[in-house]
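Using UniProt numbering, you'd call the opening residue of the sequence shown number 1 and step up by one each time.
In this text, a Cβ means the ideal position worked out from N, Cα and C, and glycines have one as well.
These notes concern the structure reproduced below.
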Amino acid sequence: MKIERAREDLVVAGSGAGATVVLAILSSVGLVGEISSIAMLAPVFVYFAYLFSRKGGPYGSWDLARNWAILAILVALGVLVGSLV
C-alpha cells in the first residue's frame, strides 16, 4: 500500500533529519567539538541508503523502517561520540 510506504519513508527521513539537526545544534552551541559537514550529514546518508536499497523486495526480516530509523540515530550517536574524543 502506498500510504504505508510513505509513512515508512517519513519515519526514516524524519529520524535522519532530526538527528542531523540535533548534531548541528549541539555543534553550534559548543556542547561538543567541531563536527565536519560530512560527518554531520551521516544520518541523512543512512536515509539515502534506505531509499536506494529498496528496489522492490523481497526484504529480509531485519529490513524494516524502524531498524533503519534506529540505525540513523545510532550513526548520529557515533558521530557525537567521535566528536567528543
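In the DSSP assignment, residue 75 falls within the alpha helix (DSSP H) that extends over 65-84.
In the DSSP annotation of this structure, residue 54 is not part of any alpha helix (DSSP H), being labelled neither H nor E. In terms of CA proximity to residue 70, 47 leads the group 60, 47, 85, 80. One Cα belongs to residue 37, the other to residue 2, and the distance between them is close to 33 Å. About 19 Å separates the Cβ atoms of residue 8 and residue 76, ruling out a contact at the 8 Å cut-off. Counting the other Cβ atoms within 10 Å of the Cβ of residue 16 gives 16 or more, which makes it buried.
When DSSP states are grouped into helix, strand and coil, residue 32 belongs to the coil group.
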